[in-house]
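Structure first, commentary second.
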Amino acid sequence: MCFKAGWLKRALLDMAFGGFLQKLADKLVAEGRLLVKVDPRNTSRTCSHCGYVSKKNRRSQAVFVCVRCGYS
């Protein structure tokens with residue numbers, strides 16, 4: 001039986017990533033550091049300087065310029 005189902009591949013990748021996150025968290029705790037989880041929504045569109053969120057901030061994948069404050 002051949003497993004080509006996309007859901008199965010995704011589940012296996014999610015398990016691997018979950019294991020990585022757990023190992024990372026364990027190492028950080030051992031070093032007395034904190035793991036901060038960030039919601040990935042709009043992270044590439046949010047200006048880290050002023051917090052403005054706009055699709056226009058991301059001119060291309062490589063170029064970010066905030067349309068409000070001009071930060072790049």
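The sequence shown begins at 1 in the UniProt record's numbering and counts up one residue at a time. All C-beta atoms in this analysis are idealised placements derived from N, C-alpha and C, irrespective of residue type, glycine included.
message: Rounding to the nearest angstrom, what Cα-Cα distance links V38 and R45 in this structure?
response: Here residue 38 corresponds to residue number 38 of the sequence shown, with the count starting at 1. Here residue 45 corresponds to residue number 45 of the sequence shown, with the count starting at 1. Rounded to the nearest angstrom, the two C-alpha atoms are 14 angstroms apart.
- request: Check R41 in the structure and name its three-state DSSP category.
  value: As a first step, residue 41 must be located in the sequence shown, where it is residue number 41. DSSP places R41 in coil when its eight states are reduced to three.
task: Taking only the alpha-carbon atoms, compute the straight-line gap between G51 and Q61 and give it to the nearest angstrom.
output: In the sequence shown, residue 51 corresponds to position 51, counting from 1. In the sequence shown, residue 61 corresponds to position 61, counting from 1. Roughly 19 angstroms separates the two Cα atoms.
message: For F64 and A16, what's the separation of their Cα atoms in angstroms?
response: The residue labelled residue 64 in the question sits at position 64 within the sequence shown. The residue labelled residue 16 in the question sits at position 16 within the sequence shown. Straight-line Cα distance between these residues: approximately 31 angstroms.
- request: Would you kindly check if the distance between the Cβ of L21 and the Cβ of L28 is under 8 angstroms?
  value: One-based indexing of the sequence shown puts residue 28 at position 28. One-based indexing of the sequence shown puts residue 21 at position 21. Taking 8 angstroms as the Cβ cut-off, L28 and L21 do not qualify as a contacting pair.
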